[in-house]
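Engineer: The structure that follows is given in the form of structure tokens.
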Amino acid sequence: MKRTLLSLAAILFCAAPAAAQQPTLAQRAEAEVLEQQTPTLTPELWLYLQELRRQEDPMQAVRRNAEARADQRRHRIASSKWFGVSNSRPLASPTPFMGTYSPRWHGNGPNGTWVGQGQPWTAILVPYADRR
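Residue numbers (mature numbering (1 follows the signal peptide of the UniProt record, and there is no 0)): -20 to -1, 1 to 112.
See the structure below:
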């Protein structure tokens, strides 16, 4: 039994380098001929194949959807910063009956209107001499 295992190991040890040899010239020439006969792809066909490959990978579809949701979230956060809205520190008027309670989108039409915090007030200085 030991001789059989030893002879089998010797045969496998000698056969391993033979399997790792470079391919013969006939195999190389055949591969080069096959590569030369492949037709060139038109740009439309190349795009079609890329789209087909993209559809076949479900992990990429999940990643694209996650990237789209993250992009939408980034845009919402950026617009909130631009309008000055913060959920952690909401803006509210101390006297809501004299103006709008807090900044919001207002209107039912196709063009919503942004109503900011309160109304802009302007102070005019009138000299004492002109008031008489």
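Quick reminder that beta carbons are idealized off the backbone N, C-alpha and C, glycines included.
Can you tell me where the alpha helix (DSSP H) with residue 51 in it begins and where it stops?
Structural biologist: Reading the sequence shown from its first residue, position 71 is the one you call residue 51. Residues 38 to 63.
Engineer: Once the 5 residues before and after residue -19 are set aside, which same chain residues still bring their CB inside 6 Å of it?
Structural biologist: What you label residue -19 is simply residue 2 of the sequence shown in a count that begins at 1. There are no such residues.
Engineer: Helix, strand or coil for residue 108? Go by DSSP, reduced to three states.
Structural biologist: Translated into the one-based positions of the sequence shown, residue 108 becomes position 128. Looking at residue 108 - three-state DSSP - the assignment turns out to be coil, as it is neither helix nor strand.
Engineer: By how many angstroms is the C-alpha of residue 62 removed from the C-alpha of residue 30?
Structural biologist: Against the sequence shown, residue 30 aligns to sequence position 50. Against the sequence shown, residue 62 aligns to sequence position 82. Cα to Cα, residue 30 sits roughly 39 Å from residue 62.
Engineer: How about residue 49 and residue 40: are their beta carbons less than 9 Å apart?
Structural biologist: By one-based count along the sequence shown, residue 49 stands at place 69. By one-based count along the sequence shown, residue 40 stands at place 60. No.
Engineer: For residue 68, name the three-state secondary structure that DSSP assigns.
Structural biologist: As a first step, residue 68 is located in the sequence shown; it is residue number 88 there, counting from the start. Here residue 68 sits in coil by DSSP.
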